[in-house]
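Numbering (our numbering), first residue to last: 19 to 364.
For every residue, glycine included, the Cβ atom is placed at its ideal position computed from N, Cα and C.
Note that the structure is a prediction, hence the values are computed from the model and not measured.
First comes the structure, then the notes that go with it.
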Amino acid sequence: MNSTRLSGPHTPDRDTTSVVPAGEFTAPHRATRPSVGRRFLWWLTNDPRHQSQLTPAEKNELDWLRIVPFVGLHLGCLMVFAVGVSTAALAAAIALYVLRMFFVTAFYHRYFSHRAFRAGRATQLVMAILGATAGQRGPLWWAAHHREHHLSADTAKDPHSPEHRGVFFSHTLWFLTRGNFQLQRERVKDWLKYPELRLLEKLDWVPFLLLAAGCYATGWFLESRYPGLGTNGAQMLVWGFFVSTVVLYHATYSINSIAHRYGRRPFPTRDQSRNNFWLALFTLGEGWHNNHHYYPASARQGFRWWQIDISYVGLRLLASVGLITDLRPVPRAVLAAARGRKGSLQ
Ligand SMILES: [Zn+2]
Ligand SMILES: [Zn+2]
């Protein structure tokens with residue numbers, strides 16, 4: 019797929035020639051079923067062979083191997099009652115939420131999904147690794163499904179439309195199905211030429227687990243050197259990793275669910291995307307989702323001066339020190355159109 023197809027208003031082109039994930043046309047073949055150990059290794063390294071023999075019905079089944087760690091992260095939050103809280107732990111949770119939301123929105127979304135700015139190869143890899151600390155799979159998996167979302171938004175082919183599968187499915191269940199486990203390679207051909215990104219895609223969970231280890235180590239260090247802070251390794255792990263990640267998860271997911279249901283639609287896109295001030299605030303600008311569906315290619319998603327877009331501010335900062343370049347602007351005609359539309363609820 020050519021990413022420029024996501025560059026114009028309405029993203030009118032729907033490439034029906036390349037939307038079928040690898041393995042779709044392969045008939046189920048179970049004569050030589052691989053061992054449990056081998057299948058676990060494939061699962062662990064996101065190997066496409068893990069789900070290559072699925073029937074269409076099996077693709078809609080929940081992937082229990084995925085659900086266990088996902089539910090475990092939520093249950094881990096309950097440990098706040100055991101470890102207590104401190105200002106340092108709360109500050110770490112908030113900081114890691116804000117930073118990782120920026121990594122997801124600015125890097126996974128605006129860079130890897132929409133190529134809304136340019137970056138050197140080393141910076142690109144750093145952005146990919148930082149994004150992976152959010153625990154939302156690798157940048158290519160994320161971008162591939164997101165590109166599919168734009169191309170088929172709120173149709174039956176949309177991976178997470180609340181219109182077709184319900185709000186809960188669009189919020190959480192969609193990425194826990196066996197069919198959506200796979201990387202849609204056809205959608206990210208532009209990134210597959212980078213071996214370092216392909217490797218990260220296999221080991222996308224490593225930065226995430228390193229973050230957990232880093233939280234624990236930081237708490238342990240603070241306890242030994244600054245006991246007055248009242249924190250420790252377990253407390254920092256629970257707040258900085260578990261709580262921060264789960265809140266980050268649901269804020270991110272709300273763009274797929276709430277931002278396609280509740281809010282205003284100043285632009286008459288053919289999907290159900292909405293602008294939602296509160297979502298924009300908590301997701302650092304992603305809540306201007308109707309703007310974004312109307313013109314997905316720009317680095318900026320708030321089209322009016324009062325449409326707060328903190329990720330764009332962050333990107334401007336990175337550009338000002340030369341780490342990234344060529345932030346793609348919103349065309350004047352689109353800005354003028356945004357000024358002329360008060361927004362209507364549909
Ligand atoms: Zn959307
Ligand atoms: Zn997008």
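Distance, Gly-102 Cα to Leu-229 Cα:
Distance between the alpha carbons of Leu-229 and Gly-102 is about 20 angstroms.
Boundaries (first-last residue) of the alpha helix (DSSP H) holding Thr-105
105-120 is the span of the alpha helix (DSSP H), which, as asked, contains Thr-105.
With DSSP collapsed to three states, give me the class of Ile-326.
In the three-state DSSP reduction, Ile-326 falls in the coil class, being neither helix nor strand.
Just how far apart, CA to CA, sit His-307 and Arg-56?
Cα to Cα, the separation comes out at about 41 angstroms.
Do Pro-157 and ligand 2 come close, with the Cβ less than 7 angstroms from some heavy atom?
The answer is no for Pro-157.
Pick helix, strand or coil for Thr-195, following the three-state DSSP scheme.
Reduced to three states, the DSSP call for Thr-195 is strand.
Proximity below 8 angstroms, CB of Gly-305 to CB of Ala-315:
No, they are not a contact pair.
Give me the Cβ distance between Asn-8 and Pro-284, rounded to the nearest whole Å; I'm assuming they're in contact under 8 angstroms.
Nothing about residue 8 can be reported from this structure: the residues present for the chain run from 19 to 364 only.
Compute every distance between the C-beta of His-164 and the non-hydrogen atoms of ligand 2, then say whether any falls below 7 angstroms.
Annotation for His-164 indicates a beta carbon within 7 angstroms of some heavy atom of ligand 2.
Is Ala-171 near ligand 1, in the sense that its beta carbon is under 7 angstroms from a heavy atom of that ligand?
Yes, Cβ of Ala-171 sits closer than 7 angstroms to a heavy atom of ligand 1.
At a threshold of 7 angstroms, does Pro-314 count as lining ligand 2 (C-beta to nearest heavy atom)?
Distance from the C-beta of Pro-314 to the nearest heavy atom of ligand 2 is below 7 angstroms.
Please state whether DSSP places Thr-141 in a helix, a strand or coil.
Secondary structure of Thr-141 (DSSP, three-state): helix.
What's the call for Leu-7, buried or exposed, on a 16-neighbour Cβ count within 10 Å?
A query on residue 7 cannot be resolved here, the shown segment of the chain reaching from 19 to 364 and no further.
Identity of the residue in Gly-153, Gln-142, Leu-194, Trp-223 nearest Glu-79 by Cα
Measuring from the Cα of Glu-79, the nearest candidate turns out to be Leu-194.
If Ala-161 and Phe-120 are in contact, beta carbons under 8 angstroms, what's the gap, nearest whole angstrom?
Not a contact, Cβ separation roughly 17 angstroms.
Same chain, Cβ closer than 7 angstroms to Ala-269, neighbours up to 5 away in sequence not counted
Excluding five sequence positions before and after Ala-269, the CB atoms of its chain that fall closer than 7 angstroms to its own CB belong to Met-119, Phe-300, Thr-301, given in chain order.
Pro-349, DSSP secondary structure in three states:
Pro-349: coil per DSSP, three-state reduction.
Buried or exposed by the 16-neighbour rule on C-beta atoms within 10 Å, applied to Val-261
Val-261 should be labelled buried.
Does the beta carbon of Ser-291 fall short of 7 angstroms from some heavy atom of ligand 1?
Yes, Cβ of Ser-291 sits closer than 7 angstroms to a heavy atom of ligand 1.
Ligand 3 and His-178: does any heavy atom of the ligand fall closer than 7 angstroms to the residue's C-beta?
For the structure depicted, ligand 3 is absent and the ligand set comprises only ligand 1 and ligand 2.
Applying the criterion that 16 or more other CB atoms from any shown protein chain within 10 Å of the CB defines a buried residue, is Phe-295 buried or exposed?
Here Phe-295 is exposed. Its C-beta has fewer than 16 other C-beta atoms within 10 Å.
Decide if the region 85-97 is in contact with the region 228-248; the criterion is three or more beta carbon pairs, one per stretch, under 8 angstroms apart.
Touching, no, given that fewer than three Cβ pairs across the two stretches are closer than 8 angstroms.
Candidates Val-264, Thr-263, Arg-282, Ala-235: closest to Asn-250 by CA position:
Among Val-264, Thr-263, Arg-282, Ala-235, the Cα nearest to that of Asn-250 belongs to Ala-235.
Helix, strand or coil for Leu-80, going by three-state DSSP, please let me know.
DSSP places Leu-80 in strand when its eight states are reduced to three.
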